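Colleague: The sequence shown runs 80 to 190 under our numbering.
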Amino acid sequence: MAGKFEIYKDKAGEFRFRLKASNGQSILASEGYKAKSGCTNGIASVRKNAPDDARYERKTTESGKFRFNLKSGNHQVIGTSESYESESARDNGIESVKKNAPDASINDTTD
Numbered sequence: 080m081a082g083k084f085e086i087y088k089d090k091a092g093e094f095r096f097r098l099k100a101s102n103g104q105s106i107l108a109s110e111g112y113k114a115k116s117g118c119t120n121g122i123a124s125v126r127k128n129a130p131d132d133a134r135y136e137r138k139t140t141e142s143g144k145f146r147f148n149l150k151s152g153n154h155q156v157i158g159t160s161e162s163y164e165s166e167s168a169r170d171n172g173i174e175s176v177k178k179n180a181p182d183a184s185i186n187d188t189t190d
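(1) In this structure, does DSSP put K138 in helix, strand or coil?
(2) Let's test the definition: count the other Cβ atoms within 10 Å of the Cβ of V125 and tell me whether it reaches 16, buried, or not, exposed.
(3) Compute the distance between the beta-carbons of A91 and G111, then report whether it is under 8 Å.
(4) Please report the distance separating the alpha-carbon of T140 from that of A168.
(5) Identify, in the order they occur along the chain, each residue of the same chain with its Cβ nearer than 7 Å to the Cβ of F96, setting aside the five sequence neighbours on each side.
The following block contains the structure:
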C-alpha cells in the first residue's frame, strides 16, 4: 500500500495536508492555507521536491530531538516532520517521504 496525502481543515478553518506512510503514520505536515488551491499546490510541490535529498533541511531542536523540513526550489518550507528521538529515525523519516510522496493518493476530507 502506498502513502497518501490527507487534506483537512484545522480549528482556524485553514486547509492543511499531511503525508501518511503506508503504515498510517504521519511523516510530513504542511502549514495552513487560506484556500484549498494553495493546499493542493503544496502537495504538488511536495511530490516534485521529495525525491531530491538537497531539499531536506535536517534540524535538531533545543530539547535534543531531531526533525526535518522539506523545502521547495525557492527555499520555502513546504512540509515539516514530527520530532524524532534519534538522527537515524529522522533520516528514516526522510527516506519514507522520498518513497511515499511522488505517487501518494489524495484523500480530501473537506468535501
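Quick reminder that beta carbons are idealized off the backbone N, C-alpha and C, glycines included.
None of the values given here were measured: they were computed from a predicted structure.
Modeller: Quick look at the numbers:
(1) Position 59 of the sequence shown holds residue 138. Three-state DSSP puts K138 in a strand.
(2) The count along the sequence shown starts at 1 and reaches residue 125 at position 46. Its Cβ being crowded by 16 or more others within 10 Å, V125 is buried.
(3) Indexing the sequence shown from 1 puts residue 91 at position 12. Indexing the sequence shown from 1 puts residue 111 at position 32. Yes, the pair counts as a contact, with Cβ atoms nearer than the cut-off.
(4) As a first step, residue 140 must be located in the sequence shown, where it is residue number 61. As a first step, residue 168 must be located in the sequence shown, where it is residue number 89. Each residue's Cα considered, the two are about 14 Å apart.
(5) On the sequence shown, position 17 is the one that residue 96 refers to. Cβ within range, chain order: F84, E85, I86, S109, C118, G121, I122.
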